[in-house]
Every structure is written in structure tokens, then in C-alpha cells.
Ligand SMILES: [Zn+2]
């Protein structure tokens, strides 16, 4: 039987949570084995709020990456009051810090240090705009008066448009977009790009809520409607330079996911690429995987394109895939909404 395969430029993950300590050691291999680089989020228990903390975290990560792995960790700083203009200028020429991440206070895991009034940071946005430092944004308002399903759209309308108006040359990545509103908005912008996760491309809020609650699909920003999911898929398979893959893979042990107040976050690194290939294949768009997963992000971040390719092979029968990983605090479930997966990386 003829072998079906797909060669793609090494993909990157433009949004990942690797955590620290034991969990870091457990999840990191799935990132360095499947991706050429990753943008690592700064929301640790003690947030990465300055260059020195980012350097330490970078070193902790690098120590655990085998020499043979072709992987580069890219770091982010957590935007807080403590960040100075000087520090931002240093970031602009820093070797592995690639963005400053803005969390609205309380939007997701470890976002208590996030910000409540965006205007207080305009003096820093000014320096970022001047020096070409990218602002990466968790785009949701956290006002309890705003419905949880509307928070992204309200953020775009009430906050993001103001920032863009004030700083038209500031490069912004709106992270993990979830809605057709966000897709439409990004399509109209020139300096703003967006990451899209695997889970927002594959599941919707009905799947999460209509036949019993599925805590494994609970994430922030929360899953939206099927209409929104389809808009995200169209954006991803369009090949448009402003959309690229950021898994937002965010491991939590089962005890924290399945609880009376469960954590938001989906661990998707291990099967991210096979799932993505299968989804693009369903939409007859295998040729658009490279722009979405390998090229657009690098272009936006001003990095040289990868040269080497990785080969994925389609097996005639569905393959046995990893279901979870084990830690001393319990299992972490791997995101996989498909019953059958046919694609795997050829080693
Ligand atoms: Zn995230």
C-alpha cells in the first residue's frame, strides 16, 4: 500500500504554559519533540516580571532540553507596575525574550498580578511601540457584570481598539482568539495578529456542556459557539499571515480540573500537530498547515524561517495514542476530542 505522508517545515507553538518544577519536567518533552520553538508564558506562581527572572526560567528550561533536540525556548515578561521603560528597551535587543504579556487581573491561572486599568500602562506601550517589542494580550475583560461568553468581544471593543488607536504601530498578538468577532477584527488590522489554539479549532461550548459537563474542555477564554469555531477554522486554513498556532497548552492535574471549582486549561502539546493535520485534512487544506503552524508566527516575530522539515505519516488504521501523563499530584489528561487519530510523526 502506498505510504501517505506530509512533510512540513518544523512547526512552532506561539503560546504555551510549561509551569515549573516537576510539571515542567513532565510536559517539556512534548514541546521540544513536536515544535521548533515555543513562546513560554510567564504566569508562574511567582510571575516572570523582569529580565532576570526570565533568564533564570530560561536556564531552568534549557537544562532539561537534550542537545539533539532542535528547539528554542522564547520567553515572555509579565506586564506589571514593576516593569520600567529601561527594562523594555533591554527586552527589544534581548536574545530570547520575545514579548510582554498582558493579563487582565483575574482572567486566568495566576493572573492576580494582572492589570486592571490599561491606561496606567500607556507610558510603557509607548516605549514598546518605539522599540518594536511585541505586546501579547489575553483579550478578555474581567468585569463580573460582563457575561463570560462576551468578554473577548467586549475587550476588543472597549479596550483593544483604544490601545490600537493610541499606538497604531505597536505590534500586538491577541492570544487564543475564540470568536468570529475576533477573526473579523483581526482581518481589519495591519499590526495585530492572533494565535488560535487546537481546542478552539476543534470543540465548542455544546460539546463541553450539552451532554454532561466536560471539565477537560474548560479553558479561558471559554469555548464559544459552533459558528465561532467555524470562523476560527476558516481563519486558520486561510493561510493569512495574521493567524498562527499557539496551543495555549496549560497542564493541570485531574484533581484540579475535576473539582467543585475546576481550573481552566487544556493540556494539548502531545497530540497538537496530529490533531491539527487531521483537522486540516478534513477541510482539504493540508497545504495551509505550513503557513499556520510554521511560517506566519516566525514572520510576525521577525525570526528567520526554519529550514528543516518534519515528516508526518498517515497510518491505515487509527493509532494508539497517549491519554495522560502521570505526576506525583495525579494525572494530567491529554486533549484529544477525536476517537481516531491516523497521523503520527515519523522518527
Ligand atoms: Zn495561556
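Numbering (our numbering), first residue to last: 1 to 347.
Glycine included, every Cβ here is placed at the ideal spot set by N, Cα and C.
CB-CB length for residue 344 against residue 315, believed under 8 Å: For this step, residue 344 is matched to residue 344 along the chain shown. For this step, residue 315 is matched to residue 315 along the chain shown. Indeed they touch by this definition, with Cβ atoms about 7 Å apart.
Would the C-beta of residue 41 count as close to ligand 1, meaning under 8 Å from any of its heavy atoms? Numbered from 1 along the chain shown, position 41 holds the residue referred to as residue 41. Flag set: Cβ of residue 41 near ligand 1.
Reduced DSSP category for residue 74 - H, G, I as helix; E, B as strand; rest coil: Along the chain shown, read from residue 1 onward, the residue named residue 74 stands at position 74. Residue 74: strand per DSSP, three-state reduction.
Work out the CA separation of residue 201 and residue 192 for me, nearest whole Å. Along the chain shown, read from residue 1 onward, the residue named residue 192 stands at position 192. Along the chain shown, read from residue 1 onward, the residue named residue 201 stands at position 201. C-alpha separation (whole angstroms): 20 Å.
Hey, is residue 13 close to ligand 1, as in C-beta under 8 Å from one of its heavy atoms? Residue 13 sits at position 13 when you count from the first residue of the chain shown. No; taking the cut-off as 8 Å, the Cβ of residue 13 has no heavy atom of ligand 1 nearer than that.
Whole angstroms is fine: what's the gap from residue 139's alpha carbon to residue 9's? Here residue 139 is taken as the residue at index 139 of the chain shown, counted from 1. Here residue 9 is taken as the residue at index 9 of the chain shown, counted from 1. Cα to Cα, the separation comes out at about 29 Å.
Which full runs of the alpha helix (DSSP H) of 4+ residues lie inside the region 140–176, going along the chain? 151–155 and 161–166
Contact test: residue 193 Cβ vs ligand 1 heavy atom, cutoff 8 Å: Position 193 of the chain shown holds residue 193. No, Cβ of residue 193 sits at least 8 Å from all heavy atoms of ligand 1.
Is it buried or exposed for residue 48, if we count other Cβ within 10 angstroms and need 16 for buried? Numbered from its first residue, the chain shown carries residue 48 at position 48. Buried, by the Cβ-count rule.
Check whether the region 45–61 touches the region 281–297, taking contact to mean three or more Cβ pairs, one atom from each stretch, closer than 8 Å. no
Tell me whether residue 128 sits in a helix, a strand or coil according to DSSP, three-state version. Position 128 of the chain shown, counted from the start, is the residue given in the question as residue 128. Here residue 128 sits in helix by DSSP.
When you compare the CB positions of residue 137 and residue 101, do they come within less than 9 Å of one another, or not? Mapped onto the chain shown, residue 137 falls at position 137. Mapped onto the chain shown, residue 101 falls at position 101. The answer is yes: Cβ separation under 9 Å.
Report yes if the C-beta of residue 138 is less than 8 Å from at least one heavy atom of ligand 1; otherwise report no. To locate residue 138, count along the chain shown from 1; it is residue 138. True, at least one ligand heavy atom lies under 8 Å from that Cβ.
Taking only three categories from DSSP, how would you classify residue 22? Along the chain shown, read from residue 1 onward, the residue named residue 22 stands at position 22. Note: residue 22 maps to helix in three-state DSSP.
Hey, residue 57 and residue 22: beta-carbon distance below 9 Å or not? Reading the chain shown from its first residue, position 57 is the one you call residue 57. Reading the chain shown from its first residue, position 22 is the one you call residue 22. No, the pair does not count as a contact, with Cβ atoms beyond the cut-off.
Is residue 359 close to ligand 1? I mean its beta-carbon at under 8 Å from any heavy atom of the ligand. Coverage of the chain is limited to positions 1 through 347, which leaves residue 359 absent and any answer about it impossible.
Would you say the beta carbon of residue 45 is closer than 8 Å to some non-hydrogen atom of ligand 1? Stepping through the chain shown from its first residue, residue 45 is reached at position 45. Residue 45 Cβ: outside cutoff for every heavy atom of ligand 1.
So, are the CB atoms of residue 70 and residue 313 less than 9 Å apart? Numbered from 1 along the chain shown, position 70 holds the residue referred to as residue 70. Numbered from 1 along the chain shown, position 313 holds the residue referred to as residue 313. The answer is no: Cβ separation not under 9 Å.
Could you check where the beta strand (DSSP E) with residue 9 kicks off and where it finishes? Residue numbering aside, residue 9 sits at position 9 when the chain shown is read from its first letter. Per DSSP, residue 9 belongs to the beta strand (DSSP E) from 4–9.
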